[in-house]
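Per this note's numbering, the very first residue in the sequence shown carries number 9; after that it's consecutive.
Think of the CB as a built atom: it goes at the ideal place given N, C-alpha and C, for glycine as much as any other residue.
Okay, structure first, notes after.
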Amino acid sequence: MTTVEQYLTAAEQTLHQGRSPLPLLEAALVAFPEHPDVLSRLAVDAYQRGAMPEAIAYFERALAAAETPGNRCNLAMALCDDGRFAAALAVIRLISEQLPEDPVIQFTAARAWRGTGDADRAWQAITRALATAPDDADFRLLRAQIAVDQDHWDSALSDLDAVSPQRLSPFQHFRLCGLLMQTGQFTRALPEYRALVGRAPGYAEAWLGLAGACERANDLEGMQDALTRVQALRLNPAQQAGVSQMQGKLASRRNDNDTACRFLGAAFEAEVPDPLWKSQVGFDYGQSLDKVGRHAEAWQAFNAAHAIRNRIKADAAGDRQALDFFTLLRAPVSGHWPALAAPADQRPDPVFVVGFPRSGTTLLEQILDARDGLVSFDEQPYLPKTLLALQQAGIDYPAGLDALDADVRQRLRDYYFTQTEARVPVPGNRRLVDKNPLNWARLPLIRAVFPQSRIILALRHPCDVILSCYMQNLRSTVLGGAFSDFGSIADLYIAMAEYWQALQPKLDLPVLVSRYENLVQDPERSTREIAAFLDLPWDADWLDNSTHARSKAIIHTPSYAQVLQPLNTKALGRWRYYRPYFDAAVMARLEPAISLMGYTLD
């Protein structure tokens, strides 16, 4: 062979014949030392073999041999695939600024910016790519992922809706399914996973994704079937670890917690490089250890899971600039409210269920949703979005509530109900139940815009609440790192308790405090109080929370499995098992808030 083109053509033909092109490519490199096209083809061959360091080394040599945008882009893309985002950014940044209309370069830059934690620049780059190539599925999926990172759910769903699953490769389809799960679109994700395994039955990750979606939908038979199918495939170590995780979760759902510990422990010890997956397995493992009373090991698992999760750079701002949650807690509230006049739209004001996360709000929601005359829509950010609309209208919150006129209030009500009616198209005479725990910090807005609403405040022993939050993989861009360690969760609880003590005398709204301990220990008395508070008749069906929960296709909160069980006292006082591991300084800070909320450390 006398030319590079002849070598590369022969290598391609060899590949199509089912043989390795590597000998020909290596011979080409001997004949044409450091030729960029040969180096690039060797890099692609190494990439396809999974030899990422070798591929990157060849791409680096190709770039050194020929400084072209394509060679820069190839190297940066490989570095992103290897998780070396800072190195990728160093390679692609300048050329991305010089060629803003090149969609592939902008896509690569967006990956690098996202990987280094700069969501704004990642968003700008991928939006430039989509401006040139609006039908590219990879571009749409990446922008949706960047939006998900920032809790911009509407934007993410808009991009996902623009993607046609029928035109996706199996890998793209798998990414779509994962994003649907991340955005809470579980009922959409499940059939997409089923379609994916139908077209790609040998795709192990797709079967694992289907198993996870079935578990989330409480379809344990479907989960078992997916696990049986995936175990018939040849699995690499990471895939086998994924099977162990799913087997552990299935055993846990069947209350076989010793088996769950064994599977989840094996998954957690596996050498899997994905830190997000690893941290989630740590939380799953810790919860199973807790159920079998291995509390010291559970605490270690939770600590390890948080440590892994916190090492992931996530400088996501989300809506934090406009809706800084802690600013809401610090802002003074005058209590000079608009008059309690009935709104002109005749819509009944909702029942708002608020509290700290893990205080029993999902349990209350399921009890209320089963009642004639009430309807819930699961946990949605409708009130936070309404507050954002108020702020975007130039009204200071909460100071501006003092002078909120009827027209503005009506526009805010219309905006809120437009959101809810998209979820509950025909509420009829039913009153909405809006359960979103941290709307606790938005009660002044509720008082101003929904003056005839009723508030149910869910309380639970602060130590149980904080521990339960620590046991979950909770993340919120709006709350920043508030759930990243035990002390930060305690600080958030302290801030909420102090806020409530300052607000309560000024609120002038009917509030019923529902204590979790009373609800599970004396459910009849507690539910009778709730029925009377809402002017609803009480009957024995109020005591059956689990039947209605099982009838729902999906429950969108971390309590989705617990609320399927009949009322029980298993979680009461769990914190006492972990008290030896609580930091003394944190407990000293927390004790006044515990007292403020009517509890003790005894």
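For ALA221, the enclosing alpha helix (DSSP H) covers residues 212-224. Note on geometry: alpha-carbon atoms of GLN248 and GLN295 lie some 21 angstroms from one another. With contact defined as three or more Cβ pairs closer than 8 angstroms, the stretch 599-609 and the stretch 510-520 are not in contact. Collapsing the DSSP output to three states places ALA98 in a helix. The criterion of a C-beta distance shorter than 9 angstroms is not satisfied by PRO445 and PRO392.
The three-state secondary structure of ARG417, taken from DSSP, is helix. Nearest neighbour of LEU216 by Cα position, chosen from LEU241, GLN193, GLU387 and GLU305, turns out to be LEU241.
Under the three-state reduction of DSSP, PHE291 is assigned to helix. Runs of the alpha helix (DSSP H) spanning 4 or more residues and lying entirely within the stretch 344-412 occur at 369-377 and 390-400, in chain order.
Using a Cβ-Cβ distance cut-off of 8 angstroms, the stretch 73-81 and the stretch 51-60 are not in contact, since fewer than three pairs of beta carbons, one from each stretch, lie closer than that value. By the Cβ-count criterion, HIS344 is exposed, with fewer than 16 other Cβ atoms from all chains shown falling within 10 Å of its own Cβ.
Assignment of SER28 by DSSP, reduced to helix, strand and coil, places it in the coil class. Here the alpha carbons of ASP298 and VAL99 stand approximately 47 angstroms from one another. Counting along the chain, SER522 sits inside the beta strand (DSSP E) bounded by residues 519-523. ASP442 is bridged by DSSP to PHE360.
Residue environment: THR608 is assigned as exposed (fewer than 16 neighbouring CB atoms within 10 Å of its CB, all protein chains considered). Setting aside the 5 residues that flank it on each side, THR535 is surrounded in the same chain by ILE375, LEU527, TRP546, TRP550 and LEU551, each with a C-beta closer than 8 angstroms to its C-beta; the list follows chain order.
Take CYS88, set aside five residues on each side of it, and the residues of its chain with a beta-carbon closer than 8 angstroms to its own are ALA96, THR116, ARG119, ALA120 and GLY123, in chain order. With contacts defined by Cβ atoms closer than 9 angstroms, PHE541 and ILE464 form a contacting pair. The stretch 465-473 makes contact with the stretch 355-370; the number of CB pairs closer than 8 angstroms reaches 3 or more. For the 9 angstroms CB-CB criterion, PRO108 and ARG136 form a contact.
Beta-bridge partners of ILE464 (DSSP): VAL361 and LEU520.
Secondary structure within the stretch 266-318: the alpha helix (DSSP H) runs of 4 or more consecutive residues, fully enclosed, are 283-299 and 303-318 (chain order). The beta carbon of ILE316 sits closer than 6 angstroms to the beta carbons of PRO283, LYS286 and SER287 from its chain, once the five residues preceding and following it are set aside; these are given in chain order. For SER48, the enclosing alpha helix (DSSP H) starts and ends at 44-56.
According to the DSSP assignment, ARG183 belongs to the alpha helix (DSSP H) that extends over 178-190. Of the residues assessed, ASN447 falls on the buried side of the cut-off, its CB having 16 or more other CB atoms within 10 angstroms. The residue among HIS314, VAL156, SER172 and MET60 with its C-alpha nearest the C-alpha of GLY495 is HIS314. If you look at GLU200, you'll find it in the alpha helix (DSSP H) that goes 194-207. Going by beta carbons, VAL289 and ALA306 fall outside the 9 angstroms limit.
The beta carbons of THR195 and VAL156 sit no closer together than 9 angstroms.
LEU228 and ARG261 have their C-alpha atoms some 8 angstroms from each other.
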